[in-house]
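Structure first, then comments.
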Amino acid sequence: MADPTYTPPAVWANDSENGGRFASINAPTSGAREQKDLPTGEHDFQLYSLATPNGVKATIMFEELLEAGHSGAEYDAFTVNIGNGDQFGSGFVDLNPNSKIPTLLDRSGENPVRVFESGAILMHLAEKFGAFLPTDASRAEVLSWLFWQVGSAPFIGGGFGHFYAYAPEKYEYPINRYAMETKRLFDVADKRLADSEYLGGDEYTVADIATFPWLAPFVEGTIYNEAKTFLSIHEYGNVARWAKQIAARPAVKRGRIVNKAWGDEDTQLLERHSAADFEGKKL
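In this note's numbering, the protein residues as written are 2 to 284.
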């Protein structure tokens, strides 16, 4: 076990032995590590993802668009196993130089368009189909909450989640630092949802689609071991009301299992090509 204190050297050097659970895939460099093409389907939209909180944003968005009658939003979704380093294949890096999921290829226009970063994907699809993003004065409020989530997720996942659940040693300072910030973010959302049915206002929007996959697992107790108890998530009743309401939506139920590669087999859907793929799945 490392010493509880650390004196940084004059020049940092990568020490993969202290990288914890993700040491085999983390590196201070970007780019492809192997030549590997991506699979493709027949639809205009090709999604490469995994059912993490960030990945679920995109699949929920697609399923919500289809639920709303936008047949042009049919998509193919392929699982990218980030634990195995699939995101460093050359085909994936061509679409996303940052090697993160979700990543989208939009082939609906004259020329294919790559879209990476979950917030960008939600905005791209919302604007393309004119859905879940208002065009009136409330647009600014919705975008503010969308980017609040985009800016907050690293504190919850890479901060709290990493040091509480994944780091090779447990240290009080980083766990307390990010537990405090995670609870503060829940408090921000809880106060907003005390005055508003949804984050952006009276309507369900991309702000909710982006935020739900991060906050709901804490409410449900399905993320980061005992985090629900540790963070006293029961204190945030308005978030719980909102999370339960959104979790009941049919499109959300479908979106949450697309590219899911763990748990009971009937809750996994490694690839999604049509609505028929959900037959026999537990939603």
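Yeah, the Cβ is synthetic: ideal placement off N, Cα and C, and Gly gets one too.
- Relative to the Cα of Val57, the nearest Cα in the group Asn260, Glu173, Ala33 and Trp243 belongs to Asn260.
- Comparing alpha-carbon positions, the option among Leu232, Val220 and Val94 lying closest to Thr30 turns out to be Val94.
- Distances from the CA of Ser72 to each of Ile224, Gly238 and Ser109 were compared; the closest alpha carbon is that of Ser109.
- The region 84-94 makes no contact with the region 149-166: fewer than 3 CB pairs, one atom from each, lie closer than 8 Å.
- In this structure, Ala190 lies away from Val143, with their beta-carbon atoms at least 8 Å apart.
- The beta carbon of Ser153 sits closer than 6 Å to those of Leu186, all from its chain and outside the five residues before and after it, given in chain order.
- Here Thr53 carries a coil assignment [DSSP, helix/strand/coil].
- Straight through space, the alpha carbons of Phe117 and Thr104 are spaced by roughly 5 Å.
- Rounded to the nearest whole angstrom, the CA to CA distance from Asn226 to Ala166 is 7 Å.
- For Pro251, the CB contacts under 7 Å within the same chain, skipping 5 residues up- and downstream, are Glu68 in chain order.
- The residue from Glu128, Glu272 and Lys283 with its alpha-carbon nearest to that of Asp265 is Lys283.
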